[in-house]
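Mapping of the sequence shown onto this note's numbering: residues 1 to 72, in sequence order. For every residue, glycine included, the Cβ atom is placed at its ideal position computed from N, Cα and C. Predicted, not measured: the structure shown is a model, and the values here were computed from it. Take a look at the structure set out below.
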Amino acid sequence: MSVIILLLIASITVASLFLGLYIWSVKSGQYDDEQSPPFRILFDDSPALKPDHTAAINKKIKASSSNPNLCK
């Protein structure tokens, strides 16, 4: 029975610690960033392929569309 009481005290202590850290982070302005989320979509990610690979792929696509037997 004493183990249950010990675990209950430990769990309440850990929960109150996390609650205190959450309240501290909210009051210190951790979640106040209202400017960057709307602008984040405007920035491009890094390209999946390098530009020289893209040109080679486009050249193969153009060649295959004019002559389907060319890219076998």
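What are the boundary residues of the alpha helix (DSSP H) that residue i is part of?
{"i": "Y31", "result": "Y31 -> no alpha helix (DSSP H), and no H or E assigned at all."}
{"i": "F18", "result": "S2 to K27"}
Helix, strand or coil for residue i? Go by DSSP, reduced to three states.
{"i": "I57", "result": "helix"}
{"i": "F43", "result": "coil"}
{"i": "K62", "result": "helix"}
Rounded to whole angstroms, what's the CA-CA distance from residue i to residue j? Just pull it up for me.
{"i": "L6", "j": "V14", "result": "12 Å"}
{"i": "G29", "j": "P37", "result": "16 Å"}
{"i": "S16", "j": "D33", "result": "26 Å"}
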